[in-house]
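S.K.: Handing you this structure, nothing more for now.
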DNA sequence: TACAAATAGGATAAAATTATCCTAAATAAA
DNA sequence: TTTATTTAGGATAATTTTATCCTATTTGTA
């Protein structure tokens, strides 16, 4: 469904948000340990998230990654996914046709509408805040 | 969502079903032309579909691929997808956790349930027959 | 039986994704 | 100002997925 990079990106962002609630910055090392991901690869993904303004980075000593506290409740899961995997999962044809719409549908076009709508709703209605709070309270987990 | 191999596999199977209604066998060459896919790669996918008993092959002169007419209405889209991509899309965790269930859920576990259910319903309730008939009637398309 | 046509399958190659390593640039503190 | 720390980013490698090529095997027909 999502690429490995995207999976790491979502988990990393959740962890950064959780730490940001406590005004703490985190390093790729700490993040990759916490979400069980390869460190250097995770660092690349963090760079992409910074470029897409999902998270902030602070260079130099005592630096690290963070998210403004006020911003955490405004970030939707969809933004994280789009930053890494793009919008293909929303817009692309389920069977890979270049052109696929009501006028020229692929064989599963109509069938797929509900799945895509549900996915879209899920990604648009889920906020980073609730995901981070569930991790914080031990309701959900980032690894194992 | 699905791999390229799976996309080709679904389209190829639909085309074979359509031709099988007319008691015609088809070759990888004809199939790849019709669904706009690389021929040799498509042939590999057809082999996998044969091994999984989704389609039949007839070797030698005047051979080709086909599906028993009576079987076409009994094949579900899910069987084609499972034959090529496996059941990860049904069973795997949305964020790639090895263990992810109600007792130890990933951050999007609950959110994902509806998406997966919708996808599952779609794949289980769609038959090869209806997909093939829609192609035959020009209601949907296999390429462009 | 010989031949032609067609699938099966092994060996490679190309491309994309995932992953690692090393150096540059930035920055806070001593 | 120097040093230590930390992100940015280029280069490269490993793995997986996608794709191609060639030969073996099967089988219907002349």
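Chains as they are written, first to last, in the numbering used here: chain D, 130 to 273; chain Z, 130 to 273.
Note that CB positions come from ideal geometry on N, CA and C, so glycine has one too.
What you are looking at is a predicted structure, and each value in this text was computed from that prediction instead of being measured.
Sorted by chain position, which residues of the same chain lie with C-beta nearer than 6 Å to residue 204(D)'s C-beta, five sequence neighbours on each side aside?
M.R.: Within the first chain, numbered from 1, the residue matching residue 204(D) stands at position 75. Once the five neighbours on either side are set aside, the close Cβ partners of residue 204(D) are 257.
S.K.: Do residue 142(D) and residue 160(D) have their C-beta atoms within less than 7 Å of each other?
M.R.: Along the first chain, one-based indexing puts residue 142(D) at 13. Along the first chain, one-based indexing puts residue 160(D) at 31. No, Cβ-Cβ distance for residue 142(D) and residue 160(D) is not below 7 Å.
S.K.: In the DSSP assignment, what residue or residues form a beta bridge with residue 179(Z)?
M.R.: Here residue 179(Z) corresponds to residue number 50 of the second chain, with the count starting at 1. According to DSSP, residue 179(Z) bridges with nothing at all.
S.K.: Which residues in chain Z have a C-beta closer than 8 Å to the C-beta of residue 255(D)? List them in chain order.
M.R.: On the first chain, position 126 is the one that residue 255(D) refers to. Chain Z residues near residue 255(D): 237 and 240.
S.K.: Near residue 255(Z), which residues of its chain fall below 7 Å by C-beta distance, leaving aside the five closest residues on each side in sequence?
M.R.: Here residue 255(Z) refers to the residue found at position 126 when the second chain is read from its first residue. Correct list, in chain order: 205 and 206.
S.K.: According to DSSP, is residue 232(Z) part of a helix, a strand, or is it coil?
M.R.: In the second chain, counting from the first residue as 1, residue 232(Z) sits at position 103. The answer is coil: DSSP assigns residue 232(Z) none of H, G, I, E or B.
S.K.: Any beta carbon from chain Z within less than 7 Å of residue 170(D)'s own beta carbon?
M.R.: Taking the first chain and counting its residues from 1, one reaches residue 170(D) at position 41. Not closer than 7 Å to any Cβ of chain Z, the Cβ of residue 170(D) fails to qualify, so no.
S.K.: Can you find a CB in chain D that lies within less than 7 Å of the CB of residue 251(Z)?
M.R.: Locating residue 251(Z) in the second chain gives position 122, counting from the first residue. Residue 251(Z) counts as touching chain D.
S.K.: Between 195(Z), 214(Z) and 130(Z), which lies nearest to residue 179(Z) when the distance is taken from Cα to Cα?
M.R.: Here residue 179(Z) corresponds to residue number 50 of the second chain, with the count starting at 1. Minimum Cα distance to residue 179(Z) is reached at 195(Z).
S.K.: With 16 other CB atoms within 10 Å as the buried threshold, where does residue 136(Z) fall?
M.R.: Taking the second chain and counting its residues from 1, the one referred to as residue 136(Z) is at position 7. The residue is buried, with at least 16 neighbouring Cβ atoms inside 10 Å.
S.K.: If the cut is a Cβ gap below 7 Å, which residues of chain Z does residue 263(D) touch?
M.R.: The count along the first chain starts at 1 and reaches residue 263(D) at position 134. Those within 7 Å of residue 263(D) in chain Z are 236.
S.K.: Using DSSP's beta-bridge definition, name the partner residues of residue 268(Z).
M.R.: On the second chain, position 139 is the one that residue 268(Z) refers to. DSSP output for residue 268(Z) lists no bridge partner at all.
S.K.: Specify the secondary structure class of residue 256(D) as computed by DSSP and reduced to three states.
M.R.: Here residue 256(D) refers to the residue found at position 127 when the first chain is read from its first residue. Strand at residue 256(D).
S.K.: Measure the C-alpha to C-alpha separation of residue 139(D) and residue 211(D) and round it to an integer number of angstroms.
M.R.: Position 10 of the first chain holds residue 139(D). Position 82 of the first chain holds residue 211(D). For residue 139(D) and residue 211(D), the distance between alpha carbons rounds to 11 Å.
S.K.: Between residue 164(Z) and residue 240(Z), is the Cβ-Cβ spacing less than 7 Å?
M.R.: Working through the second chain from its first residue, we reach residue 164(Z) at position 35. Working through the second chain from its first residue, we reach residue 240(Z) at position 111. Not a contact, by the Cβ cut-off of 7 Å.
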